[in-house]
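Take 2 as the starting number for the sequence shown in the numbering used here and just add one per residue.
Idealized CB from N, CA, C, for every residue including glycine.
Since this is a predicted model, take the numbers as computed values, not measurements.
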Amino acid sequence: MIELNEYEKRKVGVLGLGKTGISVIRSLNCAKVIAWDDNSNLRSELINNEDPFFVSLNLAEIITDPLLKLWEEIEFLVVSPGIRIEGDNLHPLIKLAKSLNKKIICDIDLLFSHCPKSIYVGITGTNGKSTTTKLIGHILSKNHVRSQVGGNIGIAALELEPLAIDGTYVLELSSYQLDLIDKIHFSIAILLNITKDHIEHHGSFEEYIKAKEKIFKNQNQNDIAIIGIDTPEGAKIYRHLQKQSGAKIIPISTDKILEYGVSVVEGFIHYNVGDESISLKFDNIASLPGKHNGENIAAAFATAMSYHINPKKILASIIDFPGIEHRIEYVATIDNIKFINDSKATNYESTTKALAIFDNIYLIAGGIAKEGDINQLVEYLPKIKHMFLIGESQDLFAKFATKHNVPHSKCKNLEKAVNMAFKLAAENKEEDVILLSPACSSLDQWKNFEERGKAFCNYVKNLSK
2 MIELNEYEKR KVGVLGLGKT GISVIRSLNC AKVIAWDDNS NLRSELINNE DPFFVSLNLA
62 EIITDPLLKL WEEIEFLVVS PGIRIEGDNL HPLIKLAKSL NKKIICDIDL LFSHCPKSIY
122 VGITGTNGKS TTTKLIGHIL SKNHVRSQVG GNIGIAALEL EPLAIDGTYV LELSSYQLDL
182 IDKIHFSIAI LLNITKDHIE HHGSFEEYIK AKEKIFKNQN QNDIAIIGID TPEGAKIYRH
242 LQKQSGAKII PISTDKILEY GVSVVEGFIH YNVGDESISL KFDNIASLPG KHNGENIAAA
302 FATAMSYHIN PKKILASIID FPGIEHRIEY VATIDNIKFI NDSKATNYES TTKALAIFDN
362 IYLIAGGIAK EGDINQLVEY LPKIKHMFLI GESQDLFAKF ATKHNVPHSK CKNLEKAVNM
422 AFKLAAENKE EDVILLSPAC SSLDQWKNFE ERGKAFCNYV KNLSK
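Structure below.
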């Protein structure tokens with residue numbers, strides 16, 4: 002944990018009591034902290050939690066009503082990701098902080114201010130950022146580079162351990178987090194891809210793109226910007242950076258072999274940067290299936306090369322990467338039926354990546370639909386034998402399936418979907434795949450996609466009992 006002792010006795014406000022907010026309060030244990038979250042159930046749950054960690058925080062004293070004058074006395078306000086600080090309908094505490102010219106910051110900047118001489122690698126993109134973040138951390142660790150992996154990937158930035166001047170923080174960053182950053186300087190900044198997502202938060206696709214571009218903020222001529230150019234938006238940002246950024250810009254692609262940049266095409270990694278030209282062949286990597294993972298491999302390879310790691314050692318580390326939970330994760334095979342957990346697929350684009358890999362699919366989809374075009378799935382419908390629909394958006398998917406003559410069943414909940422899919426697949430006695438790839442947010446029935454994925458794994462486990 003990062004202990005922010007430099008803020009001893011200073012008055013600090015914290016807005017948001019999720020994982021990030023709690024990590025901020027814990028790190029600021031020497032400060033005079035007041036905090037708030039609009040979720041009354043969350044407030045009560047935290048205050049009454051008997052875990053020694055929560056008891057030690059004394060949240061009953063820390064949690065302070067936004068209407069109290071104490072909020073006017075804070076020095077700055079630390080905001081959790083997902084809370085907007087610009088635009089209309091701002092939270093009252095954001096409005097108050099702005100009216101009093103109080104600084105509004107995030108946990109990422111607090112980490113940077115405490116460890117400014119460490120190396121920071123930031124990874125963002127609509128899809129692939131968790132895999133790339135974990136993969137980079139794995140490569141660095143295997144090659145004896147002192148590093149910590151966190152951010153949006155599950156370990157809050159301030160829960161990481163302090164690193165010395167030669168240590169590297171590898172941070173996954175959502176658009177929500179990038180909205181809030183100000184001071185942090187990424188030695189290596191990676192933007193994998195951009196497709197429509199989180200429009201309900203940002204207000205428009207253009208604002209979402211602007212948030213993603215902020216990862217390159219504060220870079221200079223000593224830094225590296227790695228950017229996927231296979232989407233029109235990525236190619237546009239690449240051209241813009243070429244004109245505006247002082248950083249060394251490295252494009253990556255899975256569509257073609259770049260004369261300059263890093264490409265992963267047809268089982269080869271092609272590294273053509275500066276005076277170096279390297280091509281390495283690799284066979285299919287079980288933990289990184291599908292063309293989309295080529296982009297993640299290219300970004301990780303480019304990053305590792307900047308640490309002057311031997312290219313063959315980089316490839317060896319990529320090959321033995323164990324993969325990540327909830328992203329095209331193999332769960333079990335029962336009666337010749339393979340179960341795949343892709344709960345992390347929270348948009349249509351992400352689900353297409355899983356559909357591209359498998360055949361004979363029984364697809365479990367649904368939840369809270371995001372902005373985007375469901376017709377992205379049309380190309381893959383011939384692979385789908387039956388759709389099992391869950392959650393708030395099941396009617397949307399049912400209408401889509403009916404239009405395209407895809408057999409489907411409304412199941413409402415995940416447990417019923419798993420049981421129905423298994424029963425139908427077992428009757429066919431073929432090598433089928435039951436794929437949870439919801440293409441939707443999980444928040445209608447679960448706290449997060451991780452909880453949804455774990456539930457899926459448990460339901461599958463129960464089938465074999």
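Residues near residue 382 in its chain [Cβ-Cβ closer than 8 Å; skip 5 each side]: 405, 407
Considering just the uninterrupted stretch of the beta strand (DSSP E) at residue 386, what are its terminal residues? 385–391
Enclosing alpha helix (DSSP H) for residue 363 [first to last residue]: Where residue 363 is concerned, there is no enclosing alpha helix (DSSP H), although the beta strand (DSSP E) it sits in stretches over 362–366.
CB-CB under 7 Å to residue 3, same chain, minus the five flanking residues each way: which ones, in chain order? 28, 112, 115, 159, 161, 163
For the segment 443–458 against the segment 341–351, do three or more pairs of beta-carbon atoms, one drawn from each stretch, fall closer than 8 Å, so that the two count as touching? yes
Straight-line gap, residue 303 to residue 141 (C-alpha atoms, nearest Å): 12 Å
Suppose you measure from the CA of residue 125 to the CA of residue 327; what does that come to, to the nearest Å? 18 Å
On the CB-based measure, 16 or more other CB atoms within 10 Å of its CB, does residue 294 come out buried or exposed? buried
Using DSSP bridges, identify the partner residues of residue 381. In the DSSP output, where bridge partners are listed per residue, residue 381 has none listed.
Nearest-angstrom Cα separation, counted from residue 195 out to residue 127: 5 Å
Ignore the nearest five residues each way along the sequence and tell me which others in residue 53's own chain have a CB closer than 8 Å to its CB. none
Which partner residues of residue 152 appear in the DSSP bridge assignment? 173
Integer-rounded CB distance, given that residue 137 should sit under 8 Å from residue 301: 5 Å
Measuring only the C-alpha atoms, how far is residue 444 from residue 409? 23 Å
Judging by CA-CA distance, which residue of 229, 451, 42 is the nearest neighbour of residue 346? 451
How is residue 277 classed by DSSP in three states: helix, strand or coil? strand
Sub-7 Å separation of residue 78 and residue 105 beta-carbons: yes
Residue 319 versus residue 307 - alpha carbon distance: 16 Å
Nearest-angstrom Cα distance between residue 366 and residue 356? 12 Å
Does the beta-carbon of residue 81 have 16 or more other beta-carbons within 10 angstroms, so that it is buried, or is it exposed? buried
When burial is assigned at 16 or more other CB atoms within 10 Å of the CB, is residue 234 buried or exposed? buried
How about residue 388 and residue 370: do their beta carbons lie closer than 7 Å? no
At 3 residues or longer, and completely inside the segment 216–243: list those beta strand (DSSP E) runs for me, N to C. 225–229
Per DSSP, cross-strand counterpart(s) of residue 330: 342
Answer with buried or exposed for residue 171, where buried requires no fewer than 16 other C-beta atoms within 10 angstroms of its C-beta. buried
Please return the same chain residues whose Cβ sits closer than 8 Å to the Cβ of residue 5, not counting the five positions on each side in sequence. 28, 29, 31, 32, 111, 115, 159
Going by other Cβ atoms of all chains shown within 10 Å of its Cβ, with 16 needed for buried, is residue 453 buried or exposed? buried
Simplified DSSP state of residue 261, which is helix, strand or coil: coil
Cβ atoms of residue 148 and residue 169: under 7 Å apart, would you say? yes
Starting from the C-beta of residue 130, find all residues in its chain whose C-beta is less than 7 Å away, skip the five residues before and the five after it, and write them out in chain order. 124, 173, 193
Go ahead and label residue 252 buried or exposed: buried means 16 or more other beta carbons lie within 10 angstroms of its beta carbon, across all protein chains shown. buried
Check the DSSP bridge columns for residue 125 and list the partner residues they point to. 192
Measuring only from the beta carbon, is residue 28 closer than 6 Å to any heavy atom that is part of the ligand MN? Here there are no bound small molecules, and the ligand MN is not part of this structure.
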